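Participant: Supplied in structure tokens, the structure appears directly below.
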Amino acid sequence: MIETAPILFFDSGVGGLSVVAPTRALLPDAPIVYAADSAGFPYGTRSEAEIAARVPALLGRLVERYRPRLVVIACNTASTIALAAVRAALDVGVVGTVPAIKPAAAMSRSRVIGVLGTAATVRQPYVDDLAARFASDCTVLRHGSAALVEIAEAKLAGTPPDPAALARELDGLFAQPRGAAIDVIVNACTHFPLLEAELAAVAPDGVRFVDGGPGIARRIVHLTEGQAWPAQADDVLVFTRLSDAERRLAAGLGFAGVEAL
Ligand code: DGL
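According to numbering that gives the first Met the number 0, the sequence shown is numbered sequentially starting from 0.
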């Protein structure tokens with residue numbers, strides 16, 4: 000393994016940074032290429048066919064250009080729809096991000112869990128399967144939110160979230176039959192942990208949030224065990240469409256390099 004080979008993180012937007020953060024905490028020397036499909040954003044309102052066609056093709060180009068040691072699809076929507084196709088197409092290890100239903104079931108006392116994701120994610124058979132395997136004794140309620148994705152993007156671009164708008168989105172879970180009993184919410188979109196403090200502030204007391212980021216970071220450590228890291232690495236942010244908005248965002252996020260795919 001070449002020392003400078005990066006870990007490639009991929010998302011539609013800034014959401015995957017919620018997976019990068021716990022990874023950086025465990026692997027501070029890992030060179031990171033973060034790719035955001037700004038030209039395809041948002042994914043959550045797209046069809047399965049669009050995601051299935053777009054994601055493997057983009058990742059193929061990114062892998063060719065950056066030669067990563069590992070690919071992390073830091074997006075639940077892309078992972079629940081296209082993970083198998085990406086793995087089949089690439090000759091590099093691929094880690095996906097799927098809703099953290101298993102840890103949520105381990106945490107829940109009320110046995111009522113909320114899954115907050117994009118509309119595309121919450122309708123996936125992959126989610127039915129996770130619920131059946133890991134939370135068969137729980138009621139698993141789902142809500143798809145496009146608004147939270149936009150609110151998270153806006154937060155990282157400098158606009159603080161409006162608490163009333165966040166509360167309205169949580170109501171999509173709590174207003175469902177049995178919703179009042181939810182004690183754990185799965186942040187099943189990587190954008191949502193970026194809003195966790197603000198969501199917790201408007202959620203009923205005692206409701207806890209969980210996401211896949213920390214588990215993925217541990218998995219990355221495991222998969223790169225024994226590999227060498229460079230003494231110094233400059234992280235790169237790549238966009239599929241690079242306009243002034245993306246350049247401003249990149250500067251605000253502290254990335255040294257910004258590139259267009
Ligand atoms: N961050 C993505 C996810 O985890 C998708 C957000 C979007 O583009 O709708 O599902």
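Ideal Cβ placement from N, Cα and C applies to all residues, glycine included.
Source: prediction; values computed, not measured.
Just curious, the beta strand (DSSP E) that Thr138 is in, first and last residue?
Facilitator: For this step, residue 138 is matched to residue 139 along the sequence shown. Where Thr138 is concerned, the enclosing beta strand (DSSP E) stretches over Thr138 to Gly143.
Participant: Look at the alpha carbon of Pro162 and the alpha carbon of Ala146, and state the distance between them as a whole number of angstroms.
Facilitator: As a position in the sequence shown, residue 162 is number 163, starting the count at 1. As a position in the sequence shown, residue 146 is number 147, starting the count at 1. Cα to Cα, the separation comes out at about 13 angstroms.
Participant: Whole angstroms is fine: what's the gap from Val126's alpha carbon to Val235's?
Facilitator: The sequence position of residue 126 within the sequence shown is 127, counting from 1. The sequence position of residue 235 within the sequence shown is 236, counting from 1. Answer to the nearest angstrom: the Cα atoms are 32 angstroms apart.
Participant: State buried or exposed for Ile72, treating a residue as buried only when at least 16 other CB atoms are found within 10 Å of its CB.
Facilitator: Position 73 of the sequence shown, counted from the first residue, corresponds to residue 72. Buried: at least 16 other Cβ atoms inside 10 Å.
Participant: At a cut-off of 7 angstroms, would you count Ala213 as near the ligand DGL, judging by its Cβ distance to the nearest heavy atom?
Facilitator: Looking up residue 213 in the sequence shown gives position 214. It is Pro, not Ala, that sits at residue 213 in the sequence shown. Because no heavy atom of the ligand DGL lies under 7 angstroms away, the Cβ of Pro213 does not count as near it: no.
Participant: Report yes if the CB atom of Pro124 is closer than 8 angstroms to the CB atom of Ala84, and no otherwise.
Facilitator: Position 125 of the sequence shown, counting from 1, holds the residue named residue 124. Position 85 of the sequence shown, counting from 1, holds the residue named residue 84. The answer is no: Cβ separation not under 8 angstroms.
Participant: Can you determine whether any heavy atom of the ligand DGL sits closer than 7 angstroms to the C-beta of Asp10, and answer yes or no?
Facilitator: On the sequence shown, residue 10 is found 11 positions in, with the first residue counted as 1. Yes, since a heavy atom of the ligand DGL falls inside the 7 angstroms radius drawn around the Cβ of Asp10.
Participant: Is it right to say Glu63 is buried, meaning 16 or more other beta carbons lie within 10 angstroms of its own, or is it exposed?
Facilitator: The count along the sequence shown starts at 1 and reaches residue 63 at position 64. Result: exposed.
Participant: Start and end of the alpha helix (DSSP H) containing Val121?
Facilitator: Here residue 121 refers to the residue found at position 122 when the sequence shown is read from its first residue. Residues Ala118 to Val121.
Participant: Within its chain, find whatever has a CB closer than 6 angstroms to the CB of Gly113; leave out the 5 residues flanking it on each side and keep chain order.
Facilitator: Here residue 113 is taken as the residue at index 114 of the sequence shown, counted from 1. Here the set comprises Leu140, Leu172, Ile181 and Ile184.
Participant: Looking at the ligand DGL, does it come within less than 7 angstroms of Gly21, judged from the CB to the closest heavy atom?
Facilitator: Working through the sequence shown from its first residue, we reach residue 21 at position 22. According to the sequence as given, residue 21 is Pro; it is not Gly. No - the ligand DGL has no heavy atom lying nearer than 7 angstroms to the Cβ of Pro21.
Participant: As a quick exercise: from Leu193, Phe40, Ala20 and Asp10, pick the residue whose alpha carbon is nearest that of Ala264.
Facilitator: Any answer about residue 264 is impossible in this case: the structure gives the chain only from 0 up to 260.
Participant: My output table needs one value for Ala131: the three-state DSSP class, helix, strand or coil.
Facilitator: The residue you call residue 131 lines up with position 132 of the sequence shown. It is helical.
Participant: Verify whether the separation of the beta carbon atoms of Arg110 and Gln226 is less than 8 angstroms.
Facilitator: By 1-based counting over the sequence shown, the position of residue 110 is 111. By 1-based counting over the sequence shown, the position of residue 226 is 227. Their beta carbons are not under 8 angstroms apart, which means Arg110 does not touch Gln226 by this criterion.
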